[in-house]
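Shown next, in structure tokens, is the structure this report addresses.
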Amino acid sequence: MNLQTLVPEKDILSFWVLTDPHLFKDDSGALMGIPTWQSFAAAQQLLDEGADAWLLTGDLAQDHQPQTYQLLKDALAGRPWFAIPGNHDDPAAMNAVFGEPVKRLRSKHWQVLLLNSHDPGKVSGWLTDAELALIDEAANDDLHTLVVVHHHPLPCGSTWLDQHQLKNGEALLARMAKLPKAKAVLFGHIHQEVDRLAGDVRLLATPSTCVQFMPNSQDFAVDALGPGCRQLKLLPDGNIETRVLRVAPEQFAVDKHASGY
1 MNLQTLVPEK DILSFWVLTD PHLFKDDSGA LMGIPTWQSF AAAQQLLDEG ADAWLLTGDL
61 AQDHQPQTYQ LLKDALAGRP WFAIPGNHDD PAAMNAVFGE PVKRLRSKHW QVLLLNSHDP
121 GKVSGWLTDA ELALIDEAAN DDLHTLVVVH HHPLPCGSTW LDQHQLKNGE ALLARMAKLP
181 KAKAVLFGHI HQEVDRLAGD VRLLATPSTC VQFMPNSQDF AVDALGPGCR QLKLLPDGNI
241 ETRVLRVAPE QFAVDKHASG Y
């Protein structure tokens, strides 16, 4: 397991979470009318505090191109960041540019597991046995645990999205239930904010930095909310402080009549 220790002396571990930017190698590339590099930059302008690292939770490159990953790497230069792939990504191209992926972050009180749910050729997600085994290995450390994955592990209430969820999400949560200090799953994919409990585990979804999807919709539908991001503060006692920030909706006009993307 590729392990990195973050600020071992700090009691509070802080992250900015940005997800589903759907970037292109052409900086004018747009998704459903929203220029994704511009909306990604606008989301970054919301970050009003420092952080120990940024977490990018998938669907980074809409066009799967190595050049897009390189542009993103260049844009993130000078700050600590970690990324996982989504269904729209090409993990091989991503790793070729970003390097070997870090699978676990560790600090004084917490460990963060960065799992790959990309299932080649599918929109839905799947965690291989090797990825699930990382959760079992985490039991060796007496630390609060946050799992980061792209796909939502349980239905979110939108029929069209839930057919593309993490297909073995129940297995993920069952493994986490065996950890003495499993605290939360952080994910993207659904382009909307979620903060709820599944048993004792908190489920946190972060809005996309581009298009937003309408919650509780049977068919594909977009929301008028602006692009967003999430701040996380992992506290020594295992609690999580979090807030979602959004760009003003009038800053970017989404094509509400689109039938998909």
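Here the UniProt record's numbering is used: the first residue of the sequence shown is 1, the next is one more, and so on.
By construction, the Cβ of each residue, glycine as well, lies at the ideal position given by its N, Cα and C atoms.
If you draw a straight line from the alpha carbon of Pro-120 to that of Asn-87, how long is it in whole angstroms?
8 Å
Determine the contact status of Leu-71 and Pro-21, defining contact as a CB-CB distance below 9 Å.
no
Can you give the beta carbon distance from Leu-127 to Asn-168, rounded, assuming they're within the 8 Å contact cut?
6 Å
Cβ-based neighbour list, Gly-228, same chain, cut-off 8 Å, excluding 5 preceding and 5 following
Ala-43, Leu-46, Glu-193, Thr-206, Pro-207, Ser-208, Thr-209, Gln-212, Val-244, Leu-245, Arg-246 and Val-247
Does the structure place the region 130-142 close enough to the region 151-159 that three or more beta carbon pairs sit under 8 Å?
no
Thr-206 in three-state terms, based on DSSP
coil
Note down, in chain order, each residue of its chain lying with its Cβ closer than 7 Å to the Cβ of Arg-196, except the 5 sequence neighbours on either side.
Leu-203
Specify, as a first and last residue, the run of the beta strand (DSSP E) that Arg-230 falls within.
228-234
Over the uninterrupted alpha helix (DSSP H) stretch that includes Lys-73, give me the two end residues.
66-75
Could you check how far apart the C-beta atoms of Ile-34 and Thr-57 are, in whole angstroms? I think they sit under 8 Å.
Between Thr-57 and Ile-34 the Cβ distance is about 19 Å, and since that is not below 8 Å, they are no contact.
Where in the region 82-125 do unbroken runs of the beta strand (DSSP E), each at least 3 residues long, occur, reported from the N-terminal end onward?
104-106 and 110-114
Would you report the Cα separation of Ser-107 and His-189, rounded to the nearest angstrom?
27 Å
Helix, strand or coil for Ser-135? Go by DSSP, reduced to three states.
The question names Ser, yet the displayed sequence has Ile at residue 135. If DSSP states are grouped into helix, strand and coil, Ile-135 belongs with the helices.
Answer yes or no: does any C-beta atom of chain B fall closer than 9 Å to that of Pro-101?
Structure shown: chain B not included; a single protein chain is present.
Leu-172 and Leu-55: beta carbons closer than 9 Å?
no
Alpha carbons only, please: which of Ala-224, Arg-230, Met-214 and Phe-15 is nearest the one belonging to Trp-110?
Phe-15
In terms of DSSP beta bridges, what is Thr-19 paired with?
Ser-208
Return the CA-CA distance between Pro-236 and Val-123, expressed in angstroms with no decimal places.
36 Å
With distances taken Cα to Cα, identify the nearest neighbour of Gly-226 among Asn-239, Gly-238, His-257 and His-191.
His-191
Just to confirm my understanding: we take Met-214, look at its own chain, exclude 5 residues before and 5 after, and list those with CB closer than 7 Å. What are they?
Ala-221, Val-222 and Asp-223
According to the neighbour-count rule (16 or more other Cβ atoms, all chains shown, within 10 Å of its Cβ), is Leu-232 buried or exposed?
buried
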